[in-house]
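S.K.: So in this note's numbering, the last one in the sequence shown is 218, and the numbering has no gaps at all. Glycine residues also receive a C-beta, built at the ideal position from the N, C-alpha and C atoms.
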Amino acid sequence: MLNLRTRGCPVCDWLTGRMFDFFAKWQYALASNESAQTTFAAAGGFCPLHTWQLAEMASPEGLSVGLPLLMNRLSRDLSNSTGPASADSTVARLRPVGHCAACHFLASEEQAAVSHLAEMIRTEPGLALCRESQGVCFSHLRWLLTMVDSEVLRGELLAIAARRCTEWAEDMQNYAMKRDAIRKALLNRDEEDAYYRAIIHLAGAKALCLPAQEETRI
């Protein structure tokens, strides 16, 4: 399920794959299934992030088939809005944030993935893999720590994360020095992608991250 040998966050990598599958199914359903179009319209579509991710996977033709029901529903709601309270309620439905079907799917998969990782590291083989891995991003580390009862194990997870931070810092410094000294041929893989691994662990995978003002786990 989780690939602890990834150079990114294993939980983020798993979730990115699951979200790809989710959007692949939705873009096909919206292009071919009236029931899915009706469900999508009734829910008000997806939140902004997930709307754009859907659009990246879907074709213009598919979206042109799948979105009219939603736009017509919103047109009716806007036309029927009278008075401040009604208008505020309608506007709130125009831009669902953090509560769309994709958000709920992501939260469910995230819960399952972090729980699975917590079970893995309770075994010696699983913990050994974790020690050799890049670790999880800080967002998932915080969540993982809440699922681990053992103080010793929590300390181990924090120590792993601390070691990786030191390693990334050293690799980035080496990268910068070698680039400045025109010694690019001496760069190794760890030095070349240290900045990217550091960013992933600071912020999580780019495909899963919402702007700071959005209220969501990831």
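#1: Helix, strand or coil: how does DSSP classify Leu4 here?
#2: Going by CA-CA distance only, name the one from Ala161, Glu192, Ala159 and Leu157 that's closest to Gln173.
#3: According to DSSP, simplified to helix, strand and coil, what is Thr123?
#4: Within its chain, find whatever has a CB closer than 8 angstroms to the CB of Gln213; leave out the 5 residues flanking it on each side and keep chain order.
#5: Does the distance from the C-beta atom of Ala101 to that of Phe46 stay below 8 angstroms?
#6: Determine the closest residue to Ser108 out of Leu4, Ala207 and Trp14, with distance taken between C-alpha atoms.
#7: Using the rule of at least 16 other Cβ atoms within 10 Å of the residue's Cβ for burial, across every protein chain shown, is Leu220 buried or exposed?
#8: On the criterion of 16 or more Cβ atoms from any shown chain inside 10 Å, does Leu208 qualify as buried, or is it exposed?
#9: At which residues does the alpha helix (DSSP H) containing Met71 begin and terminate?
#10: If contact is defined by three or more beta carbon pairs under 8 angstroms, each pair taking one atom from either stretch, is the region 140-157 in contact with the region 43-63?
#11: Do the CB positions of Arg76 and Ala41 come within less than 8 angstroms of each other?
#12: Alpha carbon to alpha carbon, how far is Ala176 from Leu186? Give it in angstroms, no decimals.
#13: When you compare only the Cα positions, how much space is there between Ala112 and Leu106?
#14: State the start and end residues of the unbroken alpha helix (DSSP H) segment that holds Ser150.
#15: Output the boundary residues of the alpha helix (DSSP H) element that contains Gln53.
#16: Do Cys9 and Cys231 count as a contact pair if the criterion is CB distance below 8 angstroms?
#17: Mark Ser139 as exposed unless 16 or more other C-beta atoms lie within 10 angstroms of its C-beta, in which case mark it buried.
#18: For the alpha helix (DSSP H) containing Val11, name the first residue and the last one.
#19: In whole angstroms, what is the alpha-carbon distance linking Lys25 and Arg179?
#20: Under 8 angstroms between the Cβ atoms of Val65 and Ala31?
#21: Distance, Cα to Cα, Leu129 vs Leu157?
#22: Taking the C-alpha atoms as reference points, what is the distance between Phe20 and His50?
M.R.: By the coordinates alone:
#1: The residue you call residue 4 lines up with position 4 of the sequence shown. Three-state result, Leu4: coil.
#2: Within the sequence shown, numbered from 1, the residue matching residue 173 stands at position 173. Nearest to Gln173 by alpha-carbon distance, out of Ala161, Glu192, Ala159 and Leu157, is Glu192.
#3: One-based indexing of the sequence shown puts residue 123 at position 123. If DSSP states are grouped into helix, strand and coil, Thr123 belongs with coil.
#4: As a working note, residue 213 is residue 213 in the sequence shown. Residue placement at Gln213 cannot be trusted, given a pLDDT of 37 that sits under 50; what the coordinates show is reported in the next sentence. Cβ neighbours of Gln213 beyond the five flanking positions: none.
#5: Translated into the one-based positions of the sequence shown, residue 101 becomes position 101. Translated into the one-based positions of the sequence shown, residue 46 becomes position 46. It is a contact, given that the beta carbons lie within the stated cut-off.
#6: By one-based count along the sequence shown, residue 108 stands at place 108. Out of Leu4, Ala207 and Trp14, Trp14 has the C-alpha closest to the C-alpha of Ser108.
#7: As shown, the chain starts at 1 and ends at 218. That puts residue 220 outside it, with no answer to give.
#8: Numbered from its first residue, the sequence shown carries residue 208 at position 208. Looking at its Cβ environment, which holds 16 or more other Cβ atoms inside 10 Å, Leu208 is buried.
#9: Along the sequence shown, read from residue 1 onward, the residue named residue 71 stands at position 71. DSSP places Met71 inside the alpha helix (DSSP H), whose first and last residues are Pro68 to Ser79.
#10: no
#11: Counting from one through the sequence shown, the residue named residue 76 turns up at place 76. Counting from one through the sequence shown, the residue named residue 41 turns up at place 41. Not a contact, by the Cβ cut-off of 8 angstroms.
#12: Taking the first residue of the sequence shown as 1, we reach residue 186 at position 186. Taking the first residue of the sequence shown as 1, we reach residue 176 at position 176. Those two C-alpha atoms are separated by around 12 angstroms.
#13: Counting from one through the sequence shown, the residue named residue 112 turns up at place 112. Counting from one through the sequence shown, the residue named residue 106 turns up at place 106. Distance between the alpha carbons of Ala112 and Leu106 is about 10 angstroms.
#14: As a position in the sequence shown, residue 150 is number 150, starting the count at 1. Element bounds for Ser150: n/a, residue is neither H nor E.
#15: By 1-based counting over the sequence shown, the position of residue 53 is 53. Gln53: member of the alpha helix (DSSP H) spanning Pro48 to Met57, first to last residue.
#16: Residue 231 lies beyond the stretch modelled for the chain, which goes from 1 to 218, so this question has no answer here.
#17: Taking the sequence shown and counting its residues from 1, the one referred to as residue 139 is at position 139. Result: buried.
#18: Counted from its first residue, the sequence shown places residue 11 at position 11. In the DSSP annotation of this structure, the continuous segment of the alpha helix (DSSP H) that includes Val11 starts and ends at Pro10 to Ser32.
#19: Position 25 of the sequence shown holds residue 25. Position 179 of the sequence shown holds residue 179. Lys25 and Arg179 have their C-alpha atoms some 44 angstroms from each other.
#20: Translated into the one-based positions of the sequence shown, residue 65 becomes position 65. Translated into the one-based positions of the sequence shown, residue 31 becomes position 31. It is a contact, given that the beta carbons lie within the stated cut-off.
#21: As a working note, residue 129 is residue 129 in the sequence shown. As a working note, residue 157 is residue 157 in the sequence shown. Their Cα atoms are separated by approximately 12 angstroms.
#22: In the sequence shown, the residue the question calls residue 20 occupies position 20. In the sequence shown, the residue the question calls residue 50 occupies position 50. When the Cα atoms are used, Phe20 and His50 turn out to be separated by approximately 11 angstroms.
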